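One structure is given here, and the rest of the page talks about it.
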Amino acid sequence: MKEIVKDVAVVSLPHRDWSCEAIYYRVKVMPMPGEPGGGNHLFIMIEDRFEFIDHDKTRDILSRIILSRYMSIPARRIHFIFYVSAIGTPNGLNVKMYNFDRDENRQPTMKKDAVDYSGNSAVCAMVMF
0 MKEIVKDVAV
10 VSLPHRDWSC
20 EAIYYRVKVM
30 PMPGEPGGGN
40 HLFIMIEDRF
50 EFIDHDKTRD
60 ILSRIILSRY
70 MSIPARRIHF
80 IFYVSAIGTP
90 NGLNVKMYNF
100 DRDENRQPTM
110 KKDAVDYSGN
120 SAVCAMVMF
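According to numbering that gives the first Met the number 0, the sequence shown is numbered sequentially starting from 0.
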């Protein structure tokens with residue numbers, strides 16, 4: 000597991016009346032947790048301080064800004080992870096992973112359905128460290 004960058008993206012959030020916010024994120028390159036032989040994937044981890052999990056349009060805007068920095072990575076190897084502290088979960092985090100696919104124009108698009116990894120200790124450890 001290697002963290003390759005800590006970066007910031009400045010985004011106007013439509014669900015907050017287009018307020019301009021600095022979104023800090025981390026990028027790690029590693030195999031998919033639980034699939035050690037599958038090759039490396041790019042995980043973009045964002046602490047969900049601005050309710051991205053609940054707002055599709057805001058998530059889409061943020062993903063386009065960040066993906067423009069990693070255009071050479073295949074869409075199926077890019078994953079956005081939004082996490083927030085949650086006392087009621089076993090690992091103390093609410094973790095949602097959004098995967099990407101390509102549309103008919105070969106552009107990466109975020110899939111609408113998130114995978115909940117709150118109970119997966121391998122993914123929660125990846126997010127914490």
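Positions of the beta carbon are idealized from the N, C-alpha and C atoms, including for glycine. Just so it is clear, the structure is predicted and the values come from calculations on it, not from any experiment.
Taking the continuous alpha helix (DSSP H) assigned at Arg100, which residues delimit it?
Residue 100 is actually Asp in this sequence, not Arg. Here Asp100 belongs to no alpha helix (DSSP H); instead the beta strand (DSSP E) covers Leu92 to Arg101.
For Ile65 and Asp59, I'd like the C-alpha separation in whole angstroms.
10 Å
Tell whether a beta-carbon distance below 8 Å holds between Phe99 and Lys110.
yes
Would you give the residue range spanned by the alpha helix (DSSP H) that Met29 belongs to?
Not the alpha helix (DSSP H): Met29 falls in the beta strand (DSSP E), residues Ser18 to Pro30.
Would you be able to state if there are at least three C-beta pairs under 8 Å between the stretch 110-126 and the stretch 80-90?
yes
Just verifying my parser: in three-state terms, what is the DSSP assignment at Ile3?
strand
Find out if the Cβ-Cβ distance for the pair Phe81, Asp47 is shorter than 8 Å.
yes
According to DSSP, residues forming a beta bridge with Phe51
For Phe51, which the question treats as bridged, DSSP gives no partner whatsoever.
Give the straight-line distance between the Cα atoms of Thr129 and Ile3, rounded to the nearest whole angstrom.
There is no way to answer for residue 129, as the model of the chain reaches only from 0 to 128.
N-terminal and C-terminal residue of the alpha helix (DSSP H) that Met127 is part of
Ser120 to Met127
Just the Cα atoms here: how many angstroms apart are Ser84 and Asp53?
15 Å
Using only CA atoms, which one of Gly37, Asp16, Gly36 and His78 lies nearest to Phe49?
Asp16
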